[in-house]
Amino acid sequence: MRRGLTSYCLACVVITGCAPQGEAPDVVAEATGVAVEVREDVDKRLARYAPTELEADLTGVAESELPVLVELIKAGKLMDEIFLRQVWVGNPEFRARLAAAEGTVQTYFDVNFGPWDRLDEMEPWVGETAHPPGAGYYPVDMSAKELENWIEAHPEDREALTSLFTVVRREGDALVAVPYSEAYREFLEPAAEHLRRAAELTANDSLKTYLSLRADAFASDDYYASDLAWMDLQSPVEVTIGPYETYEDSLFGYKAAFEAFVTVDVPEESARLERFKSFLPWLEENLPIGDEDKNVRGTESPIRVVDEVFVGGDSKAGVQTLAFNLPNDERVREEKGSKKVMLRNVLRAKYEQILLPIAELVMVPEDIDRISFDAFFSESLHHELSHGLGPGKITVDGRETEVRLELKELYSTLEEAKADVMGVYNILALVGEGKMPETMAETLLPTYVAGLFRSARFGLHEAHGRGVVAQFNYLLEKGGLEVSSEGRFRAVPEVFPAAIESLLQEMLMLQAVGDYEGTVLFLDTYGVASEALVAAIARLDEVAVDIRPVYSQAEELLTR
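Residue 616 in this note's numbering sits at position 477 of the sequence shown; the count goes up by one each step and never skips.
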């Protein structure tokens with residue numbers, strides 16, 4: 140029996156008209172339907188996400204701009220529908236057939252965007268269907284080798300089949316690329332209309348330009364112009380919408396998932412952080428790799444602190460995003476850099492409800508009081524800044540390529556871990572240069588260590604989770620971390636900086652040469668949870684793993 144089924148009791152939900160998949164269910168209903176097994180601990184699973192009312196400070200948004208927010212929320216809800224299909228083409232039918240189930244089952248389906256538990260390595264929590272590695276982007280039975288063989292035999296198809304903005308489908312024996320604009324037209328067309336209405340309603344020229352260009356991109360699959368416009372956006376209403384991250388494609392990491400962040404700017408906080416973008420050239424120069432492996436990117440790199448009003452699509456699934464760095468298009472990064480967006484109300488909720496309770500249970504007593512929100516916020520900011528630093532476009536065997544394409548499905552895991560480690564390295568470097576207060580170094584180390592436990596609980600094979608385990612094991616091996624006789628943890632200040640630099644150098648060089656096999660070896664060596672880590676995580680059962688946002692404010696806006 141598939142792992143995960145032996146340790147949980149099962150209940151049954153009748154799904155009308157659904158044919159059995161995988162193993163036969165224990166109970167078969169009348170001829171009108173088939174009983175589908177639901178883990179009886181679904182209430183406990185849902186409780187790992189703490190319901191959290193997220194409220195944004197709207198005082199900086201003019202009354203005349205509130206209808207703009209309404210149109211953007213409506214567009215964001217359509218990203219939910221697209222992403223549901225990107226996770227699995229069978230999701231809409233499966234969701235409809237769960238309509239008779241009790242509320243917790245439906246809620247947990249919505250949290251996970253499907254029947255697979257994002258905190259349990261994508262094992263099914265309802266039914267028996269295994270999660271397809273290629274999600275809804277490829278035929279469910281297509282192997283990586285099949286696509287590679289097809290491209291080798293048909294090199295003219297490579298660009299389309301590996302594009303960020305196509306799904307791969309079969310036509311007879313052939314593999315064909317279907318543009319997102321065609322595959323998801325029924326949702327992209329109304330989403331574009333909402334964006335155009337918002338553009339008509341807003342008095343902000345930069346927002347009007349971005350929304351108009353992004354609406355056009357939904358039909359053309361060309362996001363370059365609208366990404367440039369998003370970089371120039373200066374508006375009390377800050378929105379990010381479209382296909383961006385590739386985490387869901389665990390087969391190759393090629394395909395971008397649709398998401399939406401509808402937020403409002405916190406101008407005084409954004410202004411306070413603007414100085415950090417001037418440090419980016421120095422931070423790139425200061426990386427512990429050779430100059431030939433460093434990248435030259437644009438340095439505009441705006442930083443925004445915002446409050447989240449509504450989130451849709453990929454960014455809503457499972458663990459919630461607390462900050463992000465976009466766009467991922469290397470052309471935009473070379474021209475303008477990338478924008479860092481800090482979600483203030485999300486950060487505060489995670490700090491208070493998750494990080495502090497974890498620290499109380501796993502940190503040595505003298506370090507608990509050193510943990511601070513400023514360090515947590517700074518670490519999150521510099522994580523996002525670090526996504527724009529280090530290797531991006533590279534040359535492998537004379538070919539111009541990108542790290543993302545060479546590391547394939549391992550790219551997200553290594554890149555997220557790199558950003559964690561580089562963020563800490565860069566803060567320590569800025570403290571050393573007098574650009575940040577010395578007290579930041581004192582609070583940063585214990586805050587970072589507590590954060591390792593927070594992220595490790597997302598799942599060992601999730602992009603953040605496995606990379607976090609690698610950080611933990613490497614630093615423990617090098618003496619940068621130590622465990623007390625009571626099983627509590629601390630960073631060792633005398634050793635930690637050198638250990639973090641060594642770890643960052645290894646990660647950056649794997650990226651710089653596009654070393655897929657070396658990345659496999661690195662993660663096989665360090666990405667397996669140790670007994671000490673497993674034991675510490677086991678003590679955290681009573682602490683929520685993450686928040687589950689409640690967007691009452693957004694719903695109120697929709698009823699205006």
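Glycine is no exception: its CB is placed at the ideal position from the N, C-alpha and C atoms.
Residue i - containing alpha helix (DSSP H), residue span
i, result
"Leu-390", "Here Leu-390 belongs to no alpha helix (DSSP H), and DSSP marks it neither H nor E."
"Met-218", "205-226"
"Ile-497", "495-501"
"Lys-475", "469-475"
"Asp-249", "242-251"
"Asn-230", "230-236"
Close-in-space but distant-in-sequence residues of the same chain around residue i (CB under 7 Å, 5 per side omitted)
i, result
"Arg-616", "The sequence as given places Glu at residue 616; Arg does not occur at that position. So no residue of the chain qualifies."
"Tyr-564", "Ile-639, Glu-640, Leu-643"
"Leu-122", "The chain is shown from 140 up to 699; residue 122 falls before or after that span and cannot be answered."
"Phe-357", "Ser-320, Leu-327, Ala-330, Ala-331"
Under 8 Å between C-beta atoms of residue i and residue j
i, j, result
"Ile-533", "Ala-189", "no"
"Lys-479", "Ser-440", "yes"
"Val-265", "Pro-272", "no"
"Ala-739", "Leu-327", "In this structure the chain extends from 140 to 699, so residue 739 is not present and cannot be described."
"Val-448", "Leu-482", "no"
"Pro-688", "Leu-193", "yes"
"Gly-527", "Leu-647", "no"
"Ile-428", "Ala-399", "no"
"Val-207", "Leu-340", "yes"
"Glu-204", "Pro-375", "yes"
"Leu-620", "Ala-514", "no"
"Asp-404", "Gly-531", "no"
"Lys-557", "Phe-418", "no"
Which listed residue (the options) has its alpha carbon closest to that of residue i
i, options, result
"Ile-442", "Asp-453, Lys-433, Leu-412", "Leu-412"
"Tyr-490", "Ala-609, Glu-220, Thr-586, Ala-240", "Thr-586"
"Arg-627", "Tyr-655, Gly-571, Val-570, Glu-505", "Glu-505"
"Ser-302", "Asn-288, Arg-236, Pro-382, Leu-352", "Pro-382"
"Val-279", "Asp-296, Gln-225, Asn-251, Glu-321", "Gln-225"
"Glu-473", "Leu-679, Met-370, Ser-409, Val-306", "Met-370"
"Ala-396", "Gly-452, Glu-694, Glu-424", "Gly-452"
"Phe-304", "Glu-267, Glu-572, Asp-388, Ala-671", "Asp-388"
"Phe-592", "Ser-669, Val-228, Leu-520", "Ser-669"
"Leu-211", "Glu-298, Ala-240, Arg-353", "Arg-353"
"Asp-344", "Tyr-323, Asp-360, His-333, Ala-368", "Ala-368"
"Thr-460", "Ala-283, Lys-475, Ala-410, Thr-402", "Thr-402"
Residues of its chain near residue i, where Cβ-Cβ distance is below 8 Å and the 5 sequence neighbours each way are ignored
i, result
"Val-684", "Arg-187, Tyr-188, Leu-258, Val-458, Ile-493, Arg-596, Phe-597"
"Leu-223", "Asn-230, Pro-231, Arg-234, Phe-252, Gly-253"
"Glu-581", "Arg-509"
"Glu-431", "none"
"Arg-335", "Leu-350, Ser-351, Ala-354"
Neighbourhood of residue i by C-beta, 6 Å cutoff - its chain only, sequence neighbours within 5 removed
i, result
"Ala-163", "With a pLDDT of only 28 at Ala-163, under 50, the local geometry of the prediction cannot be trusted, and no value is derived from it."
"Gly-666", "Arg-605, Val-608, Ala-609"
"Pro-466", "Asp-366"
"Gly-636", "Contrary to the premise, residue 636 reads as Pro rather than Gly in this sequence. So the list reads Leu-567, once near-sequence residues are dropped."
"Ala-498", "Ile-507, Ile-510, Ala-589"
"Ala-408", "With the sequence shown as reference, residue 408 is identified as Glu, and Ala is not the correct amino acid for it. Val-444, listed in sequence order."
"Glu-694", "none"
"Met-261", "Trp-255, His-270"
"Gly-571", "none"
"Gln-373", "Ser-345"
"Val-306", "Tyr-276, Val-317, Ala-322"
"Ser-525", "Ala-558, Met-561, Gly-562"
Unbroken beta strand (DSSP E) run spanning residue i, endpoints
i, result
"Tyr-188", "188-192"
"Glu-539", "538-541"
Within-8 Å CB hit, residue i to chain B
i, result
"Asp-388", "Considering every chain present, this structure includes no chain B. It has just one protein chain."
Any non-hydrogen atom of the ligand NAD within 7 Å of residue i CB
i, result
"Val-315", "Annotation note on the ligand NAD: not contained in the displayed structure, which lists no ligands."
Every unbroken alpha helix (DSSP H) inside the stretch 645-677 [4 residues or more]: 655-665, 670-677
In chain order, each beta strand (DSSP E) run of at least 3 residues that lies wholly inside the stretch 565-651: You should have 620-622, 628-630.
Please give the ranges of any alpha helix (DSSP H) in the stretch 312-393, keeping only runs that are unbroken, at least 4 residues long and fully inside the region. You should have 319-322, 324-340, 344-359, 363-370.
So within the stretch 510-549, which uninterrupted alpha helix (DSSP H) runs reach at least 4 residues, ignoring any that extend past its ends? 512-526, 542-546
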